[in-house]
Amino acid sequence: MGKFKGSLILPWIVGVFFVAGGLGNIFASNTILDDYQRWGYPEWFHYVTGIVELVAAALILLRSTRLFGLALAATIMLAAIATVLGHGEYSHAIAPAIVLGLVLLTGWTTWRTGPAASR
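Okay, here's the thing in structure tokens:
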């Protein structure tokens with residue numbers, strides 16, 4: 038009972054976030070499409086982002102691949118932060134930085150508790 042319960046809950050929170058983000062990018066609103074265009078990405082790039090986010094979510098939600106999924110999720114958030122900072126949209130870096138922190142916390146708790154704690 039002394040085990041940190043966040044090691045069970047956090048992956049689901051992060052995984053669901055990346056499912057929502059992936060679907061939000063695949064079925065992008067005009068606002069999101071305008072953002073991608075403003076940042077200089079190709080017209081189809083939101084599909085790539087969405088698919089990669091869904092892959093990260095699937096990897097996170099499976100215990101055996103969780104750390105790989107979290108590494109991919111961290112990379113996605115670092116890319117998001119770099120994109121908005123590179124375009125001078127500093128306040129837009131706050132949300133992906135918070136998600137990155139949650140991803141890193143989830144990775145740390147997953148690594149620390151090991152696979153046996155997830156059973």
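All the letters of the sequence shown, read from the start, carry residue numbers 38 to 156 under the working numbering. Cβ atoms here follow ideal geometry from the backbone N, Cα and C, with glycine treated the same way.
The straight-line gap separating the alpha-carbon atoms of Ala94 and Asp71 is approximately 25 Å. Per DSSP, the unbroken alpha helix (DSSP H) holding Ala111 starts and ends at Arg103 to Gly123. Between Gly125 and Leu142, the alpha-carbon positions lie close to 27 Å from each other. Here Trp148 has Leu104 as same chain residues with Cβ atoms under 8 Å from its own Cβ, once five neighbours each way along the sequence are excluded.
Rounded to the nearest whole angstrom, the CA to CA distance from Tyr78 to Thr150 is 39 Å.
With respect to the C-alpha of Ser66, the residue from Tyr84, Phe54, Tyr127 and Ile50 having the closest C-alpha is Tyr84. One alpha carbon belongs to Gly138, the other to Leu47, and they sit about 12 Å apart.
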